[in-house]
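Taken in order, these protein sequences are the chains called A and B.
Be aware that the first sequence starts at 1, since it is given in this note's numbering, and climbs by one per residue.
Be aware that the second sequence starts at 1001, since it is given in this note's numbering, and climbs by one per residue.
Every residue gets a Cβ at the ideal spot worked out from N, C-alpha and C, and that includes glycine.
Below: the structure, in C-alpha cells.
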Amino acid sequence: MTFLQPWVLAALPLVSLPLIIHLINQRRFQTVQWGGMMFLLAAKALSSGYSRLRHWLIMLLRMLAVAGVILAVGRPLSRGWLALAGGGRPDTAVVILDRSPSMQASDPAVVGSKLATGRRQLAESLATLAPARCLFLGTPDKPIEVSPQGLFDLPAAEPAAAPADIPGMLRSAYDHIRENAAGTAEIWICSDQRANDWALETGGWSGLRDAFAKLPQQVRFQLLSFSDPAVGNVAIRVADARLAVRGNERELVVRVEATRTDAGADPEPRTLPVRFEIGGVTTVVDLELAGREAVLADHVLPLGRGVEARGWGRVSIPADADLADNEFYFVFDDPPPRVTLVVAENAKAERVLELAASIPPSKELTARADAVPRSALATAAWDEAAAVLWQGPLPTGREAEFVDAFVASGGQVIFFPPEQPAAADRFAGIFWKEWSSYAEPVEPEQWRTDQDLLANTLSGGALPLGELEVRRICGLGGEIVPLASLPGGVPLVARVPDERGISLCATLPIPRDSSLASEGIVLYALVQRVIDRGLVPLLGARQLDAGAATVALAQSGAGAAAWERLAGPPGLLSTEAGLQPGVFSVAGRLVAVNRPEAEDAAVIVSDERIDGLFRGLSYARLSGHAGAPETVVQEIWRAFLIAMLVALVIEGLLSLPRRTRSAVVGMPPLEAAA
Amino acid sequence: MFSDRQPRSFLEPAVLARLAGVPLLARRPMVGSVSGRHASPHRGSSVEFAEYRKYVPGDDLRRLDWRAFGRSDRFYVKEYEADTNLRLFLVLDTSGSMAYGSAKPGAVAVEQPLSKIAYARRICGGLGYLAAEQGDAVGIACAAGEIVRSLPPRRSPAHLRLVFDVLDEAKPEGPTRLPNVLHELAETTRQRALVVIVSDLFVSPSELAEAFGHLRFRRHDVAVFHLLDPQELAFSFQRPTRFLDLEGGGTIFADPVEIADRYHQAVAAYLEDLRRIVLESGVDYHRVVTDQPYEQVLARFLVGRAAGRSLR
C-alpha cells in the first residue's frame, strides 16, 4: 500500500494510546471498604471468558480506530493487493506505453481496447498520485512532458503499427532520470508482455537492470500488464505480392497468410472471408482456417489491361478481437532490371561472376551484368546497379569514394580476393591477408543457415555448401562476421558487422581455387541474394515494417513531410510516419507500412520471466483487463474512515453497560409476604 | 422512660411519639407472664369471645351460658381469649459489613443513607422503646461471628436502658455467622418471643433458611429487617477500585464498570433466593434500603402487624 502523505505514518505508535490510557487508568484506582464481598466474588467468577474477550475486543477496536484515523490522514492508495511496494508521491512519473498492434485487442464483452483501458487507468492513477512531473514515452525517443489528463488526447499515445521497444524506452527513461530527475521516480509500464516488444534476448536487460540499481535516486517500477490473449483473434498479412503477365493482361500474384493469435490446442475450423481491395475493386475469397495458420498461396488477382504496373491494395478480414491485425496494405510494381557491376582483375573469375549475375531467377525478370574496368568506374551505371562484384585489390582513393557512395545508397558489394593481396589496402576496416593453399581440397565445415546470405531456402532446404571444394583461401583481416568457415575456423564467406551491405568471399570462383563455379548453386544463390538486397532501394514499391528503421527512413532525406499518405488510418502526424500503417507515396515510389511479422506470432513472455527482469529493483506487477472499469490507483482514505467509524460504533456497542438489573428497579418487591 | 443522663443518638422522641399510636403486636400467640395486648394460647377473660364448650364439673358456674341452657337444656361454658404480654427479642447484626454506608460525611438527613449499623440502631431502639412502652419485655443479642453480647427480655424500664446501652456500644466488626447465632438463640430462648432480626444478611440463603426454620419450630414470631445500602444495590463505581473486605476477608481489585453487570446478576439471584426462603419459612420480611426514612419503615411494620391482628 502506498501513501501520499507517508510521514503521517510516523504517528502510528499512537495506536498504543488506548492501551497506555488503560494502564494509567488501572493505576489510578480508588480504595473502598466494602461489605458485599460475596457478590463481588460471584461477579468476578462470572466475568471471565466472554467478559475478558469483550474487554480486549474493545481495546483492539479503539486501537483500530486510532490506526484508521492515522492511515486515512496518510492518504492511502489502492494499487491492488499484489502491489505492496511502499513509497509515497513520486517526484517524476514516467509512462512507458506499449502501443503495438496487439495492445489494440479488446474483450468482445466490454468496450475498450487494452491500450485505451491502460491509458485511462494510467491517466487516472497519475492524476491521483499527482507527481511533480509526468513524462510519456511511446517510442525510445526523448520523453514528452505531459499532464496526467493529457494522456487521454496525446497523439503520441495513439495506437501504432510498430512493436514497442520496451528496453529502448526504459533506456531512454534511465537517461532522463539520471540527468534530470533528482527525486523519487516511478516508471509505469503498460504492456501486453509480447516477446517482440520486450526483446528479452537482445534488449540488454541485465545491463539495464544494473544501471537502474546503481542510480542514486529511488526508482520504482509498476507494470500494468494486459497479458490476456485476444480470444478468437486472427491476423492477416500479405507475405508476397508480385506482378505477372498472362497474355496481354497483368495479374497480381499474392501470398496471404492468416494466423490465429490465440490458437489453443484444438482450434475449431472456420471459414475466413478475405477481402482484397485494389484500385477500388473488391474481391472476397474464402480461406479455410483449420489449424493455427492458413495460407492462400499464389492467389491470382487479375488487374486487367491498361492498369498501371505500380499500385497498392489492401487485404482485410472481418473485425475480431484485435482490429489492428485485421488489415494489411501491400504495394506492387514491375521489378527493376537486375543490374550488376562486375569489377575483376582475373578474367576467368570475371566471366563466372558475370554469368552468376546475368541469369535472372525467374523468366519475368531481366538481369544484366556489366563488366567495368577499374579505370572506367566513374562512368559506370552506379544509379542502376543493385550490386557490385569486386575481385581484386580493395578500392582506395577515388574508387573507394564510388563504392562508399554506392553502399550508402543501399547498394550491395561482394569483395573477392586479389591475386596479390596487400595488407595496406583497406576498405571499411577490412583487408586481405596472404593466400594459403590446401594439399587436399577442403569443404566448408559450418555456415549460418538461419539467416543472412547463406540461409536456407524458402522451402527449408540448405544450400549445398558442404559439396564445395576449396583449394586456396585468402586470409581475411579486420572486424568481420563469418557466415561460412573452413576447418580451423578459416572464414570463407563473411560480412562486415554493421550490415552496410559489404560481404566477402575469401576464394575465387575458378577451378584453381575452388569449385564455386563448377558447383554453381552456392555462388549463384549468393550473388542473387546480394542483388535482391541491393534492389530494395531501386524498387518502385516497397513493403516496410513499422518501426524504428522505417521511422529513420521517413525522417531522412526530405523528411516525413515527403511521405504522402495514399491509404491508412486518418489523422497521421508527421512525427508518427513509420509507426502507423498505410500506403505512402515517397519521391514517386510506393511504400506500404505494416506491422512486423513478429506481431502476429503472439508469443507472450511469462510473468515469471518479466518479474525476473526487475529482480532487485522496486517492482510491482498489476494485472489489467481490456475494458476493466476500475482504476489501478485510487485513494482509499474513505474506506479507512469508514472502518474507523465502524470500529467506534462496535466499540460503543460493546462498551454500553448491558441492561443491568438495577437492584432497586429490578429486584423483587420490597415487602415479601411472610 | 428516657434517661436524662444519656441522650441516645438513635432515638428521636418526635418519631417515637408519632409511632406510639400504633401498637406493636405479635402475629402469633405469645405466652406471657402478665396480662397484655397480645394473644395467648390459653383461654382467658378478655372481651374477645372464643368458643362454647360443654360444662364439666369444677367449672366456674359464673361462666355458664344460661341462655344457651334455656334454648337447649344443656350446660355450656362460654370461653374468651386470653391476652398476655410480649417478649421482644432484638437480634442486631454487628458484623463488619454493617459498618458500610455510602452516605457522604456530614449528611444528617434521614433520606441520606446511613451506615447500616446506625440504621439498625434506630430500628432496634424504636422497637424496643415501643415494646417497653406497652409493657412488653425487651431483650437484645448482638451477633457477629458469635453472640457478642446478649440481654434476656425484661419488662422493667431499667432493663430498657441496658438494652439502649448495648445498642450504643455495639461495634461492627468481625465476620458474619448469623445462622449459627440464630440456631443458638432458638435453642436458648425457650419461651415464645417476637424475634426481630436486623441485619444485611450477607450469608448463604440456604443457611438462613435452616435458621429461620429452627426459630419457627420453636414457635417464635420471626421478623427480619434486611438492610441494604443503595450503593450495594447500584454498584455505581466508575473508577478501578480496590475493595477491602470489612469483615477481614481480603482484597479484591476490579474495574466496577467491567463487572457491574455480573454484580447485579449476583445480587438479583441472591435476593430472589432470599425471597423464596422467607415465603417458605413464613418470616415477616422487610427489605430496607438505608436511604429510606426509618420512621416510614417502622410505621409500615407496625401497621402491617396491627392489620394482621384485626383479621384474627
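Indicate whether at least one CB of chain A lies closer than 8 Å to the CB of residue i.
i       : result
B:S1258 : In the sequence on display, residue 1258 of chain B carries Glu and not Ser. By this cut-off, B:E1258 is an interface position.
B:F1075 : no
B:V1267 : yes
B:E1232 : yes
B:R1239 : yes
B:L1246 : yes
B:G1249 : yes
B:A1107 : Unreliable placement is indicated for B:A1107, whose pLDDT of 45 sits below 50; the coordinate value is still reported in the next sentence. No, no contact with chain A.
B:S1003 : Below a pLDDT of 50, predicted positions are generally treated as unreliable, and B:S1003, at 46, falls in that range; the measurement from the model is reported next regardless. Output row for B:S1003: interface = no.
B:Y1294 : no
B:Y1055 : no
B:R1312 : Here B:R1312 scores only 41 on pLDDT, less than 50, and its place in the model should not be relied on; the value that follows carries that caveat. Output row for B:R1312: interface = no.
Along the chain, where does the beta strand (DSSP E) that runs through residue i open and close?
i       : result
A:E251  : 249-260
B:E1146 : No beta strand (DSSP E) contains B:E1146, which DSSP labels as neither H nor E.
A:A93   : 92-97
B:F1217 : B:F1217 -> not in any beta strand (DSSP E); alpha helix (DSSP H) instead, spanning 1205-1217.
A:S436  : 431-442
A:L590  : 589-594
A:Q543  : 541-545
Rounded C-beta distance between residue i and residue j? I'm assuming under 8 Å.
i       : j       : result
B:F944  : B:T1189 : Outside the shown range of chain B (1001 to 1312) lies residue 944 of chain B, about which nothing can therefore be said.
A:L224  : A:P167  : A:L224 to A:P167, Cβ: 17 Å. No contact.
B:S1150 : B:L1246 : That pair is no contact at about 23 Å.
A:G616  : A:A213  : 6 Å
A:Q149  : A:G624  : In fact, because the Cβ distance is near 19 Å, the residues do not count as touching under 8 Å.
A:E350  : A:L377  : Incorrect: roughly 15 Å between the Cβ atoms, too far for contact.
A:R542  : A:V591  : 5 Å
B:A1020 : B:R1087 : Wrong, their Cβ atoms sit about 20 Å apart, outside the cutoff.
A:V315  : A:F328  : 5 Å
B:P1205 : B:Y1270 : 7 Å
A:S747  : A:Q446  : Nothing in the structure corresponds to residue 747 of chain A, since chain A is present only between 1 and 674.
B:V1198 : B:D1291 : Going by Cβ atoms, the distance from B:V1198 to B:D1291 rounds to 17 Å, so no, they are not a contact pair.
B:G1135 : B:L1011 : Actually they are not in contact, since the Cβ atoms of B:G1135 and B:L1011 sit about 19 Å apart, beyond 8 Å.
A:G304  : A:E249  : 6 Å
Since residue i is in the alpha helix (DSSP H), which residue starts that stretch and which ends it?
i       : result
A:Y50   : 50-73
B:Q1265 : 1256-1281
A:I177  : 166-180
A:S206  : 205-214
A:I21   : 17-27
A:H299  : Careful: A:H299 lies outside any alpha helix (DSSP H), inside the beta strand (DSSP E) at 293-304.
A:Q391  : Unbroken run through A:Q391 is the beta strand (DSSP E), 385-391; no alpha helix (DSSP H).
Can you find a CB in chain B that lies within less than 8 Å of the CB of residue i?
i      : result
A:L648 : no
A:G36  : yes
A:S191 : no
A:A10  : no
A:Q33  : yes
A:A130 : no
A:H625 : no
A:Q26  : yes
A:L84  : Residue placement at A:L84 is flagged as unreliable, the pLDDT there being 40, under the threshold of 50; the coordinate-derived value follows with that caveat. Not closer than 8 Å to any Cβ of chain B, the Cβ of A:L84 fails to qualify, so no.
Run through chain B and tell me which residues come within less than 9 Å of residue i, C-beta to C-beta.
i     : result
A:R62 : Within 9 Å Cβ-Cβ: nothing; A:R62 doesn't reach chain B, min ~15 Å.
A:S51 : E1258, I1259, D1261, R1262
A:A67 : Those within 9 Å of A:A67 in chain B number zero; the least Cβ separation is about 24 Å.
For a contact meaning CB atoms closer than 7 Å, what does residue i contact in chain B?
i     : result
A:L40 : F1243, I1252, A1254, Y1263
A:A43 : I1259, R1262, Y1263, A1266
So residue i contacts chain A; which residues on that side make the cut at Cβ distance below 8 Å?
i       : result
B:F1089 : The premise fails here: B:F1089 is roughly 17 Å from chain A at the closest Cβ pair, so nothing lies under 8 Å.
B:Y1052 : What B:Y1052 touches in chain A: nothing, since even the nearest Cβ is about 32 Å away.
B:Y1119 : Chain A residues near B:Y1119: none, gap ~13 Å exceeds 8 Å.
B:S1156 : Those do not exist, as B:S1156 stays about 30 Å from chain A at its closest Cβ, beyond 8 Å.
Please list the partners that residue i has in chain B, where partner means a Cβ-to-Cβ separation under 8 Å.
i     : result
A:F29 : R1239, P1240, T1241, R1242, F1253
Closer than 8 Å, Cβ to any Cβ of chain B: which residues of the stretch 103-122 of chain A, in chain order?
Here the close residues number zero.
Near-chain B residues of the stretch 199-227 of chain A - C-beta to any C-beta below 9 Å
Within the stretch 199-227 of chain A, no residue has a Cβ lying closer than 9 Å to any Cβ of chain B.
Positions along the stretch 1195-1228 of chain B whose CB lies within less than 7 Å of some CB in chain A:
D1200, F1202
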